Amino acid sequence: MHDLYNFVTGPLAWAAFIVFIAGSLYRLINMLYLVNKKEKFIYTYMSFKYSFRSIFHWITPFATVNWQRHPVLTIVTFAFHICLIITPVFLLSHAILWDESWNISLWALPDGVADIMTLVVVGSCIFFLVRRLVLPEVQYVTSASDYVILAIVAAPFITGFIAYNQWINYQLFMILHIISGEIMLVAIPFTRLSHMLFSPFTRAYMGSEFGGVRNAKDW
Amino acid sequence: MAEPAKSEEKIISDIGLDVGISKLTDDRIEKEINSVIKNETGARLKTYVETCIHCGLCSEACHYYLSHDNDPRFSPVGKVKQTMWEMLRKKGKVSPDFIKKAAIIAHTECNLCKRCAQYCPFGIDIAYIITVVRRIIHRLGCTPQYIQDTAHSHSVTMNQMWVKGDEWPDTLQWQEEEAQAEIPTLRIPLEKEGADIMYSVIAPEPKFQAQLIYQAAVIMDVACVNWTMPATMGWDNSDMAMFTGDNEIMGRIKRAHYETASRLKVKRIVMGECGHAFRSVYDMGNRWLGWQMPPIPIVHAIDFYYEILKEGRIKIKKKYETPVTLHDPCNVVRGGGLHEKARYVVNAICENLIEMHPNREHNYCCCAGGGVINCGPPYKMTRINGNRVKAEQLFAVKARGAKTLIAPCHNCHSGLEDINHHYGIGQEIKFIGDILYEVMEKPEVEEGEKE
Amino acid sequence: MKKAAVFIFAIVVVSAFLFVSAYSQEEMTFVDNSVFTKPERTPSIFRHDEHNEKAGIEECNECHHVYEDGKLLEDESSEDQRCSDCHELKSSGNTPALIKAYHTNCKGCHLKEKKGPIMCGECHLK
């Protein structure tokens with residue numbers, strides 16, 4: 001167990017973080033390289049004011065017509081994304097590890113709150129899964145990869161929750177939790193989870209076009 | 220209401236498409252698709268396709284989707300799935316049949332209205348992706364016949380309707396004479412160098428709606444505008460090449476247009492009530508030619524009417540009394556932000572404006588734009604069935620009293636006319652100019668002078 | 671009805687079993703966590719004598735260390751003090767905070783020796 005633990009929290013964790021960070025940078029740099037090479041005109045239309053105007057509307061629940069049209073989805077998706085990012089960063093156990101490894105002392109969530117947030121993430125994943133299976137317009141454009149990325153996202157939270165509660169085979173689930181977290185990190189730059197990286201840019205560009213050229217709202 | 224859109228598809232015969240498809244080989248398809256994707260697209264297409272999370276939230280933006288009882292094949296992302304995703308996934312190795320299907324989807328089941336861009340949380344420009352598909356179809360020579368014909372016309376005559384060199388000034392002089400019966404001093408000044416404004420129209424106006432030129436001339440005259448129209452090529456601001464993906468022709472005709480204005484040393488181009496032409500002159504053509512914004516300020520008719528009404532250069536005799544509703548054309552509203560000015564103008568000339576819902580940037584497209592109506596009669600029912608939701612929207616506003624429908628755009632006008640007839644809505648459709656001409660104060664002509 | 675009865679019976683038996691097995695660990699000792707206000711986790715299990723016997727620890731100061739100016743004083747030991755006498759709830763200067771001190775002391779050694787619990791839930795039992 002020690003060897004396995006040392007491996008998944010040592011070299012594997014390093015590898016996962018390096019792939020995540022370097023991969024993300026690579027994807028972003030590659031995108032900017034492509035813009036430079038072929039669509040340099042994009043820069044002439046980019047505007048900070050309109051980019052942020054657009055981003056601000058879309059990251060605010062119910063601030064856009066489409067968010068208003070889908071109240072349940074809006075609540076779920078905002079809760080999901082907030083919990084998805086906040087929970088792993090500020091989880092007490094993770095904060096301890098941040099501190100032990102890097103001497104970074106972060107504020108930590110109370111475990112009870114983190115527990116609820118984890119359930120929110122898992123519940124949201126189930127919601128998204130059901131949505132994919134049930135709604136024809138979503139089903140129609142769903143491919144196997146959509147289920148895979150959903151599973152990749154849900155896995156660290158499910159395993160983490162089981163491990164934290166120590167229901168069955170604690171050590172196994174801890175190892176699974178760590179590995180699934182690492183899989184998710186690695187998957188971010190190289191799957192459509194990369195919307196985490198790209199969506200601010202696509203949003204900003206559309207916001208700039210609508211604000212600067214079209215004089216219209218894009219929300 | 221009229222019969223719902225049936226999903227059984229009629230086999231549409233379109234010679235441009237059919238002959239084009241019959242000449243395709245797998246090799247050629249693969250070569251052209253990959254050439255367009257490799258050489259003509261970049262970060263946008265790649266990022267859009269890879270960022271899309273397949274959430275389906277764009278669906279309800281699309282009038283085709285709504286009109287076909289939420290059939291997912293008609294959702295914006297559904298159309299991308301059936302076209303671009305497949306092309307990318309198979310790296311261009313798709314069949315001629317696939318290309319035919321893609322051509323029909325891209326050309327007749329999407330108006331490039333960009334409403335979906337307002338509904339996608341990531342701001343993915345789906346209309347742009349469909350434009351790339353159209354570009355591929357163009358390169359493969361499979362563009363639907365009718366719109367291809369207009370592109371040919373652009374190429375040969377620099378106007379959309381095969382209007383020949385002499386027919387153009389002839390038409391203008393004819394309309395000048397007609398208008399002089401009403402205002403004897405009226406002129407349509409041709410080739411007046413140094414005028415403030417060059418007035419440009421789309422080719423269907425001289426071809427079969429010449430009275431619109433007459434009306435515009437009266438408005439210009441009464442408002443004492445220092446204006447001119449070119450007697451040469453470059454007078455047409457329309458652009459179907461933009462919609463067929465024939466960017467090279469688009470560039471040629473836009474260059475002719477801007478250069479004509481610049482030859483006449485005018486300060487601004489004022490254009491008639493047309494949406495797609497505005498898109499071409501204000502947004503697309505200039506970019507192809509390397510201008511961030513148009514080289515000469517472009518003023519759409521709505522904006523121009525706003526200006527002359529606001530400045531009091533035109534007085535209103537008696538406002539139009541029939542209750543009206545206003546259709547916001549995608550290209551000038553979602554594409555140019557003229558919705559509030561349009562309302563100012565309509566309120567200035569009409570007693571009672573009843574809003575349809577949704578309106579402004581969120582209005583439903585007329586289903587004629589984006590070159591769809593220009594694909595001609597074979598696809599008329601595609602447009603009508605694809606926009607049942609527009610009929611519902613119009614019925615609702617009619618129930619609230621709006622008898623006249625104002626559509627300040629040629630394509631919208633024709634598309635709404637078809638919807639109006641087919642669904643039996645029974646509204647009268649007018650341009651803003653029609654009403655403005657009707658209600659404005661014109662110089663009194665002595666009884667004796669008038670014949 | 672019968673099924674429900676069996677089910678309830680099963681639950682009762684299992685809970686009773688869990689209850690008894692929890693009580694059977696009554697000699698188990700825990701690290702005293704009274705210093706912490708509202709601790710998030712259960713106190714860590716630690717059976718002092720059994721641990722030292724198993725680990726072969728002879729000297730008290732292997733764990734009960736004394737540091738002065740950041741240097742370990744080899745010959746001194748601090749078993750007569752409480753950990754919290756030096757390690758406060760927040761770290762100060764070179765002295766790590768109490769939580770971190772515990773973790774480093776236990777887990778650090780376990781990792782080095784490749785023996786003993788290293789993951790949160792192995793000490794902080796639910």
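Same order as they appear, the protein sequences are chains H, R and E. Going by the working numbering, the letters in the first sequence line up with residues 1 to 219, in that order. Going by the working numbering, the letters in the second sequence line up with residues 220 to 670, in that order. Going by the working numbering, the letters in the third sequence line up with residues 671 to 796, in that order. Even for Gly, the Cβ is constructed at its ideal location relative to N, Cα and C. All of these numbers come straight from a predicted model, not from anything done at the bench.
Quick check on the DSSP output: the beta strand (DSSP E) that includes residue i runs from which residue to which?
i	result
THR623 of chain R	623 to 625
SER419 of chain R	416 to 419
VAL518 of chain R	517 to 519
GLU647 of chain R	647 to 649
In the DSSP assignment, find the alpha helix (DSSP H) that holds residue i and state where it starts and stops.
i	result
THR350 of chain R	345 to 358
VAL489 of chain R	First-last for VAL489 of chain R: 487 to 490, but that is the beta strand (DSSP E), not the alpha helix (DSSP H).
GLY509 of chain R	Neither: GLY509 of chain R is in no alpha helix (DSSP H) and is coded neither H nor E.
CYS779 of chain E	779 to 783
VAL122 of chain H	111 to 134
PHE341 of chain R	Where PHE341 of chain R is concerned, there is no enclosing alpha helix (DSSP H), given that its DSSP letter is neither H nor E.
LEU84 of chain H	71 to 90
Does any CB atom of chain H fall closer than 8 angstroms to the CB of residue i?
i	result
CYS274 of chain R	yes
ILE343 of chain R	yes
THR270 of chain R	yes
GLU526 of chain R	no
GLU758 of chain E	no
GLY791 of chain E	yes
ASN630 of chain R	no
ILE788 of chain E	yes
GLY554 of chain R	yes
LEU768 of chain E	no
HIS773 of chain E	yes
Could you give the distance in angstroms between the alpha-carbon of residue i and the alpha-carbon of residue j?
i	j	result
ALA692 of chain E	LEU795 of chain E	Annotation note: pLDDT 45 at ALA692 of chain E (below 50); position unreliable, coordinate value reported separately. Rounded to the nearest angstrom, the two C-alpha atoms are 11 angstroms apart.
THR74 of chain H	SER145 of chain H	23 angstroms
LYS198 of chain R	GLU657 of chain R	Residue numbering for chain R in the displayed model covers 220 to 670; residue 198 of chain R lies beyond these limits and cannot be assessed.
ILE573 of chain R	GLY620 of chain R	8 angstroms
LYS782 of chain E	ASN258 of chain R	57 angstroms
ILE188 of chain H	VAL153 of chain H	10 angstroms
CYS125 of chain H	GLU580 of chain R	33 angstroms
THR404 of chain R	ALA436 of chain R	11 angstroms
SER754 of chain E	ALA114 of chain H	28 angstroms
GLU611 of chain R	TYR365 of chain R	29 angstroms
HIS2 of chain H	LYS784 of chain E	6 angstroms
THR390 of chain R	GLN379 of chain R	16 angstroms
In this structure, what does DSSP give as the bridge partners for residue i?
i	result
LEU572 of chain R	R:VAL543
PHE797 of chain E	As shown, chain E starts at 671 and ends at 796. That puts residue 797 of chain E outside it, with no answer to give.
GLU738 of chain E	E:LYS741
SER762 of chain E	E:THR765
LEU409 of chain R	R:MET448
ILE535 of chain R	R:MET659
ASP455 of chain R	R:VAL420
Does the beta-carbon of residue i have 16 or more other beta-carbons within 10 angstroms, so that it is buried, or is it exposed?
i	result
VAL141 of chain H	buried
TRP454 of chain R	buried
LYS672 of chain R	With chain R represented from 220 up to 670, any question about residue 672 of chain R goes unanswered, as that position is not in the structure.
SER101 of chain H	exposed
ASN30 of chain H	exposed
TRP58 of chain H	buried
GLU222 of chain R	Note that GLU222 of chain R scores a pLDDT of 45, beneath 50, so its modelled location is shaky; the value from the coordinates is reported in the next line. The residue in question, GLU222 of chain R, is exposed, as its Cβ has fewer than 16 Cβ neighbours within 10 Å.
ASN445 of chain R	exposed
LYS217 of chain H	buried
ASN66 of chain H	buried
LYS333 of chain R	buried
PRO627 of chain R	buried
ASN630 of chain R	buried
ASN505 of chain R	buried
GLN646 of chain R	buried
ILE438 of chain R	buried
Taking Cβ positions only, does residue i come closer than 8 angstroms to chain E?
i	result
LEU73 of chain H	no
MET174 of chain H	yes
ILE59 of chain H	no
ALA110 of chain H	It is Pro, not Ala, that sits at residue 110 of chain H in the sequence shown. It does: the Cβ of PRO110 of chain H has a partner Cβ on chain E nearer than 8 angstroms.
GLU100 of chain H	yes
Check whether the Cβ of residue i lies closer than 8 angstroms to any Cβ atom in chain R.
i	result
PRO136 of chain H	yes
Quiz item: Got a sec: which bits of the segment 34 to 47 of chain H sit with their beta carbon under 8 angstroms from any beta carbon on chain A, in order along the chain?
Solution: Among the protein chains in the structure shown, which are H, R and E, there is no chain A.
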